[in-house]
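Residue numbers (the numbering used here), protein chains in the order written: chain A, 1 to 81; chain B, 1001 to 1081; chain C, 2001 to 2160; chain D, 3001 to 3160. Below you'll find the structure, written out as structure tokens, and then a few comments.
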Amino acid sequence: MDVLYFAWVRERIGVPKERVQTSAATVQELVAELRGREERYALAFADLDALRVAVDQELSEFDASLAGVREVAFFPPMTGG
Amino acid sequence: MDVLYFAWVRERIGVPKERVQTSAATVQELVAELRGREERYALAFADLDALRVAVDQELSEFDASLAGVREVAFFPPMTGG
Amino acid sequence: MSGKRSAPEIRVQPAPFDPGAVLSEFTAKAALAGAGALVSFTGLVRDIPGAETLDHMEIEHYPGMTESALTSIAEEAMTRWAVSPVLILHRFGTMRPEEPIMMVATASAHRQDAFLAADFLMDYLKSRAPFWKKEVTTGGTAWVAAKDSDEHALKRWSED
Amino acid sequence: MSGKRSAPEIRVQPAPFDPGAVLSEFTAKAALAGAGALVSFTGLVRDIPGAETLDHMEIEHYPGMTESALTSIAEEAMTRWAVSPVLILHRFGTMRPEEPIMMVATASAHRQDAFLAADFLMDYLKSRAPFWKKEVTTGGTAWVAAKDSDEHALKRWSED
């Protein structure tokens, strides 16, 4: 699955997008896997309250299922307008 | 004093403006005087609820004083915008 | 807002106008004043719902009082909300379907102030500025009746 | 409104735009649709209040999701109020102080529908469309923090 990062999440992790092989069943499980990878991931995912997630380009909750999902994106709260 | 009429009040009375010699102390008294003049005035002032008044170009009530007033205008409720 | 507060811009004219041109000019003025949020309202002549076809509309006004009433309404909005600049433009005379009748614009540092002030201006302008609309249709000529809903809308702004 | 209901017009672009030109075009479309009441909101890049001077702003977005999120927000507004046409334009990339960032416009037969729909679009766009602002000032570079007040503003529209 493709995992995308935006704004300061992208800056902390250092890439805008990467391909991730995972058997995580939910976003929460994916976050736990990523956190375990490297310090930069642990830092980016330190406070989930400061993060939002989109699953296949729809805003979702962290307990959302990843079954059949092609793209997950992590980013801070939006500040458009 | 100058008395002005707008919209259908003007059409019923037949003039946009006239000079009126009056000793009326209030708008209400002026209306009573005008009503007594001719049928067209009686018709125009038949229903005061359907009329608004401005005294020296400020929206006013019918019991407003005419002391020192130079211009009174009668018209239906406004429909701008 | 950088604190500059300009006098409201009031225009009362028979000539047609381009809402886009008015907004361009207003935007330049608002940017200079340090505003980040601009709201505009534009009213167009609409066809009358129903069977009759509107040929044109005529708007009568009360020269002298019109300008002072619009200025008072704009100044009241500028007192209630942190908006500057503020613009009110209203035509009188003859206008055809689809032509712009009037426009208001407000600018602020905060979007809610800009929205509320524009909404307030419209409500007051509808019922407190001396304009009267007459519709000339295929079926005849009629003065537009004031709507109870417009008078009622003013209650939203009472400061009790 | 003559009943014609068009798809919302969504534009996501890096290029600067003239809010007046956008409103002119929108007004022509709204007039054709029989609307009499148009509301627009325009957001400009403001200087940051305080000591630092803003050099420029950078807006990042999520291509693909941005367009679909804006379309959903516009369609929700068109479901809640009798508005058509509806336009949302939002820039991304680099923009300087005083430049327009974004714009929404709504048209209706009724002024309250046009106001409410534009206000709703802005509240949802602020917190639900995937844009992120970064400010580059004389003092450094910082991502703009989301405001609690923006998240809170959404509660106004809950339909309970």
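Glycine residues also receive a C-beta, built at the ideal position from the N, C-alpha and C atoms. No experiment lies behind these values; they were computed from the predicted model shown.
- request: Please state whether DSSP places Trp2132(C) in a helix, a strand or coil.
  value: strand
- prompt: Using a C-beta cutoff of 9 Å, does Met1(A) count as contacting chain D?
  reply: Not one chain D Cβ lies under 9 Å of Met1(A).
field: Under the three-state DSSP convention, the category Leu3154(D) falls into
entry: Helix.
- prompt: Between the C-alpha atoms of Glu3159(D) and Ala1073(B), what's the straight-line distance to the nearest angstrom?
  reply: 47 Å
field: Whole-Å CB distance - Phe1062(B) paired with Val1053(B), under 8 Å assumed
entry: Rounded, the Cβ-Cβ distance is 6 Å, consistent with contact.
- prompt: How should Pro3008(D) be labelled, buried or exposed, when 16 other C-beta atoms within 10 angstroms of its C-beta is the threshold for buried?
  reply: By the Cβ neighbour-count rule, Pro3008(D) is buried, with 16 or more other Cβ atoms within 10 Å of its own.
- prompt: How big is the Cα-Cα spacing for Met2102(C) and Ala3030(D)?
  reply: 15 Å
field: Cβ separation of Ala24(A) and Glu33(A), assumed to be a contact under 8 Å, to the nearest whole Å
entry: Between Ala24(A) and Glu33(A) the beta-carbon gap is near 6 Å, inside 8 Å, which marks them as a contact.
query: Which bits of chain D does Ser2024(C) rub up against, with CB to CB less than 8 Å?
result: Asp3018, Pro3019, Gly3020 and Ala3021
- request: Using 10 angstroms around the beta-carbon of Thr2042(C), count the other beta-carbons present and answer buried if the total reaches 16, otherwise exposed.
  value: buried
field: Selection of the stretch 3060-3084 of chain D by Cβ proximity to chain A, strictly under 7 Å
entry: Glu3060, Tyr3062, Gly3064, Met3065 and Ser3068
message: Determine whether the beta carbon atoms of Arg2046(C) and Gly3034(D) lie at a separation below 9 Å.
response: yes
message: For Phe3120(D), tell me which candidate among Ser3040(D), Glu3025(D) and Thr3053(D) has the shortest Cα-Cα distance.
response: For Phe3120(D), the nearest C-alpha among the options comes from Ser3040(D).
- request: Go ahead and label Gly14(A) buried or exposed: buried means 16 or more other beta carbons lie within 10 angstroms of its beta carbon, across all protein chains shown.
  value: exposed
message: Residues of the stretch 2028-2054 of chain C in Cβ contact with chain D at a cutoff of 9 Å, in chain order, please.
response: So the list reads Ala2028, Ala2030, Ala2031, Leu2032, Gly2034, Ala2035, Gly2036, Ala2037, Leu2038, Val2039, Ser2040, Phe2041, Thr2042, Gly2043, Leu2044, Val2045, Arg2046, Asp2047 and Pro2049, given in the order they occur along the chain.
query: Smallest Cα separation from Glu2098(C): which of Arg2005(C), Pro2016(C) and Val2012(C)?
result: Pro2016(C)
query: Which residue from Thr3106(D), Ala3129(D), Gln3013(D) and Trp3132(D) puts its Cα closest to that of Thr3027(D)?
result: Thr3106(D)
- prompt: Residues bridged to Val2104(C) by DSSP?
  reply: Phe2041(C) and Ile2088(C)
query: Beta carbon of Glu1071(B), beta carbon of Asp1056(B): below 9 Å?
result: In this structure, Asp1056(B) lies closer than 9 Å to Glu1071(B) by Cβ.
field: Close beta carbons around Ala2146(C), own chain, < 8 Å, minus the five adjacent residues each side
entry: Ser2127
field: Ile2048(C) vs Leu2070(C) beta-carbon contact at 9 Å
entry: The beta carbons of Ile2048(C) and Leu2070(C) sit no closer together than 9 Å.
message: Let me see if you follow: with CB-CB separation under 9 Å, is Gln2013(C) close to chain D or not?
response: Among the CB atoms of chain D, none fall inside 9 Å of the CB of Gln2013(C).
message: My assumption, with CB atoms under 8 Å, is that Val2022(C) sits in contact with His2090(C). Please give the rounded CB distance.
response: Actually they are not in contact, since the Cβ atoms of Val2022(C) and His2090(C) sit about 12 Å apart, beyond 8 Å.
Beta-carbon gap between Pro16(A) and Trp3132(D) smaller than 9 Å: no
query: Relative to the alpha-carbon of Ser2163(C), which residue among Ala2082(C), Ile2059(C) and Leu2154(C) has its alpha-carbon at the smallest distance?
result: In the structure displayed, chain C extends from 2001 to 2160; residue 2163(C) sits before or after that span and is not available.
- request: Check the C-beta distance from Ala2109(C) over to Ala2037(C) and give it rounded, since I have them as a contact under 8 Å.
  value: 7 Å
field: Where the beta strand (DSSP E) containing Trp2143(C) begins and where it ends
entry: Gly2140 to Trp2143
- request: May I have the straight-line CA-CA distance separating Glu2052(C) from Glu2060(C), to the nearest angstrom?
  value: 22 Å
query: For the stretch 2117-2138 of chain C, which residues have a CB atom closer than 8 Å to at least one CB atom of chain B, in sequence order?
result: Met2122, Leu2125, Lys2126, Ser2127, Arg2128, Ala2129, Pro2130, Phe2131, Trp2132, Lys2133 and Lys2134
- prompt: Relative to the alpha-carbon of Tyr2062(C), which residue among Glu1038(B), Gly1080(B), Arg1040(B) and Leu1030(B) has its alpha-carbon at the smallest distance?
  reply: By alpha-carbon distance to Tyr2062(C), the top candidate from Glu1038(B), Gly1080(B), Arg1040(B) and Leu1030(B) is Gly1080(B).
query: Among Leu1066(B), Gln1021(B) and Glu1011(B), which has the Cα closest to the Cα of Tyr1041(B)?
result: Tyr1041(B) has its Cα closest to that of Glu1011(B), out of Leu1066(B), Gln1021(B) and Glu1011(B).
message: Let's see if you can read the secondary structure: which residues bound the alpha helix (DSSP H) around Thr1026(B)?
response: Thr1026(B): not part of any alpha helix (DSSP H); DSSP gives it neither H nor E.
- request: Could you tell me the distance, in whole angstroms, from the CA atom of Arg1035(B) to the CA atom of Arg1019(B)?
  value: 16 Å
message: Tell me the DSSP secondary structure of Val1003(B) in three-state form.
response: strand
query: Cβ of Ala2129(C) within 9 Å of Cβ of Met1078(B)?
result: yes
- prompt: On the three-state DSSP scale, how would you describe Leu2121(C)?
  reply: Of the three classes helix, strand and coil, the one that applies to Leu2121(C) here is helix, per DSSP.
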